[in-house]
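Asks: Before anything else, here's the structure in question.
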Amino acid sequence: MATENKLQELATTAPSAQEQRFTGERWLTARGSWTIFPQLCKGCGLCIERCPVAVISWASDFGAYGTNRVTVDADGCVTCRTCAYYCPDAALSVVVN
Ligand code: SF4
Ligand code: SF4
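Add 1 to the 1-based position in the sequence shown for the working numbering, that's all there is to it.
In structure tokens form, the structure reads like this:
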């Protein structure tokens, strides 16, 4: 009975997948903004590979699976959105003003 009550409590307090929120790290670029959601980055490196001006690099801290996540040199970012397009886990958001 006690176990059932505990499960019930967890079921009502744990956020659903839709309610879960992630914290973004946002950088201003010359034409908009570049945001990484570290909790979603799996460290695949596709964005680094595809960036035409090579401004994405590995950060020293970790992302979703304990792998290094990425960061950006926002001054050099041309806000082309290529990285966000290729990211398989929607860990990047690039907004053009
Ligand atoms: S928006 Fe374009 S220039 Fe900026 S980091 Fe992404 S791929 Fe590189
Ligand atoms: S493509 Fe997405 S998941 Fe892969 S390293 Fe870049 S931000 Fe992380």
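Even for Gly, the Cβ is constructed at its ideal location relative to N, Cα and C.
Can you find the residues in the same chain that come closer than 8 Å, C-beta to C-beta, to A3, ignoring five residues on each side of it along the sequence?
Replies: In the sequence shown, residue 3 corresponds to position 2, counting from 1. For A3, the predicted structure reports a pLDDT of 49, less than 50, and the residue's modelled location is therefore unreliable. The matter cannot be settled from this model.
Asks: To which residues does DSSP link S58 through a beta bridge?
Replies: Counting from one through the sequence shown, the residue named residue 58 turns up at place 57. BP columns for S58 point to T72.
Asks: Are the CB atoms of G46 and I37 nearer to each other than 8 Å?
Replies: In the sequence shown, the residue the question calls residue 46 occupies position 45. In the sequence shown, the residue the question calls residue 37 occupies position 36. The answer is no: Cβ separation not under 8 Å.
Asks: Hey, out of V71, C81, V95, N98, whose CA is closest to L41's CA?
Replies: For the purposes of this step, residue 41 is taken as residue 40 along the sequence shown, with counting starting at 1. Selected option, being the one with the closest Cα: V71.
Asks: Regarding I49 and ligand 1, is the C-beta to nearest heavy atom distance less than 7 Å?
Replies: Stepping through the sequence shown from its first residue, residue 49 is reached at position 48. No, the beta carbon of I49 sits no closer than 7 Å to any heavy atom of ligand 1.
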